[in-house]
Every structure is written in C-alpha cells, then in structure tokens.
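**Q**
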Amino acid sequence: TMNSMSHIKLCAFADEADANRQGQIKALTENDIPYLEIRGVDGTNIADLSREDALQFKSELDAAGIKVWSIGSPAGKTKIGDNFDIALTQFKRLLDMADIFEAKRIRLFSSKKLPKD
C-alpha cells in the first residue's frame, strides 16, 4: 500500500553516479534520494579522505538537505593474517568519518581466509 511506502527511505552510493562531490549531490537531489551511503568523494575512498575534505563535504550535503545513512567502508577487506595495527588505524579513521558525517552505521566486510599452504 502507499502508506507502507512512506516508511521506505532511499539511500545510494552516489559515487556510482559521479566521482565528483557536486555530481553526487546533483544525482541524489535530482532523483529525490535523501540519504547517502558515502564511499568515495572526488575519487578518494572514505577511509583516505582528509578531515578537512570531510568537513567541507558535510557542509555541502547539509546545504543540499542530504544526510549520510552509513559509511561505505573497506573495513574487513584485509586478510586475517595481515597486520592488525594497520586495520585498526583505518577503522579509527572511519569512526572519525562517521562522527563528522553523523552516520550511525558503518558497512563492514568479513575477513578473508588465510592462504592455503
């Protein structure tokens, strides 16, 4: 029914529409998609985005009325035997990004298997 449709909130990986932040905002607003699952900004993965760029993009999203639903992170795309300190440092940066963008969710991947001997 139409009533149940009102509870659906559309969210998108806007970097699939455009790598550029302004193109992402345009794609979301033109298609009435109010939520972003942020993954790439101006060709940079969310895990590598500078704090300054994140704050700037957040202000641009706010001005456009777009909220970040989740962080589309690469967390967990490491092998189980990889250096955990590197993965932990990356995850702490993702937590900072989630804080900046006011995202309550972070997409994660399960670890890959150890290589066979």
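For what it's worth, our numbering labels the leading residue of the sequence shown as 143, then goes sequentially.
C-beta: ideal position from N, C-alpha, C; glycine also.
1) Thinking C-beta only, is Ala240 closer than 8 Å to Trp211?
2) In three-state terms, what does DSSP make of Leu152?
3) Which of helix, strand or coil does DSSP assign to Leu178?
4) Report all residues from its chain with a CB closer than 8 Å to the CB of Thr143; omit the five preceding and five following residues, and keep chain order.
5) Whose CA, out of Lys221, Ile175 and Glu194, lies closest to the CA of Leu183?
6) Based on the DSSP output, what are the partners of Lys209 in its beta bridges?
7) Rounded to the nearest angstrom, what separates Ile228 and Ala161 at their Cα positions?
8) Are the CB atoms of Ile167 and Leu203 within a distance shorter than 8 Å?
9) Could you tell me how far apart the beta carbons of Phe155 and Arg181 are, in whole angstroms, since I believe they sit closer than 8 Å?
10) Looking at the secondary structure, which residues open and close the alpha helix (DSSP H) in which Leu250 lies?
11) Using the beta-carbon count (16 or more within 10 Å), is Leu236 buried or exposed?
12) Quick check: the Cα distance between Ala196 and Thr186, rounded to an integer number of angstroms?
**A** According to the structure shown:
1) Here residue 211 corresponds to residue number 69 of the sequence shown, with the count starting at 1. Here residue 240 corresponds to residue number 98 of the sequence shown, with the count starting at 1. No, these two residues do not count as a Cβ contact at 8 Å.
2) For the purposes of this step, residue 152 is identified with residue 10 of the sequence shown, where counting begins at 1. The answer is coil: DSSP assigns Leu152 none of H, G, I, E or B.
3) Against the sequence shown, residue 178 aligns to sequence position 36. Three-state DSSP puts Leu178 in a strand.
4) Residue 143 sits at position 1 when you count from the first residue of the sequence shown. In this prediction, Thr143 scores a pLDDT of 46, lower than 50, which makes its location untrustworthy; the coordinate-derived value is nonetheless stated afterwards. Within the same chain, Thr143 has no close Cβ partners at all.
5) Walking along the sequence shown from the start, residue 183 turns up at place 41. Rather than Leu, the amino acid found at residue 183 in this sequence is Val. The option with the nearest alpha carbon to Val183 is Glu194.
6) Translated into the one-based positions of the sequence shown, residue 209 becomes position 67. DSSP, once it has assigned bridges, lists Tyr177 as partnering Lys209.
7) Taking the first residue of the sequence shown as 1, we reach residue 228 at position 86. Taking the first residue of the sequence shown as 1, we reach residue 161 at position 19. For Ile228 and Ala161, the distance between alpha carbons rounds to 26 Å.
8) Along the sequence shown, one-based indexing puts residue 203 at 61. Along the sequence shown, one-based indexing puts residue 167 at 25. Yes, these two residues count as a Cβ contact at 8 Å.
9) Counting from one through the sequence shown, the residue named residue 155 turns up at place 13. Counting from one through the sequence shown, the residue named residue 181 turns up at place 39. Going by Cβ atoms, the distance from Phe155 to Arg181 rounds to 5 Å, so yes, they are a contact pair.
10) Here residue 250 is taken as the residue at index 108 of the sequence shown, counted from 1. Per DSSP, Leu250 belongs to no alpha helix (DSSP H) and is neither H nor E.
11) The residue labelled residue 236 in the question sits at position 94 within the sequence shown. Its Cβ being crowded by 16 or more others within 10 Å, Leu236 is buried.
12) Indexing the sequence shown from 1 puts residue 196 at position 54. Indexing the sequence shown from 1 puts residue 186 at position 44. Distance between the alpha carbons of Ala196 and Thr186: 11 Å.
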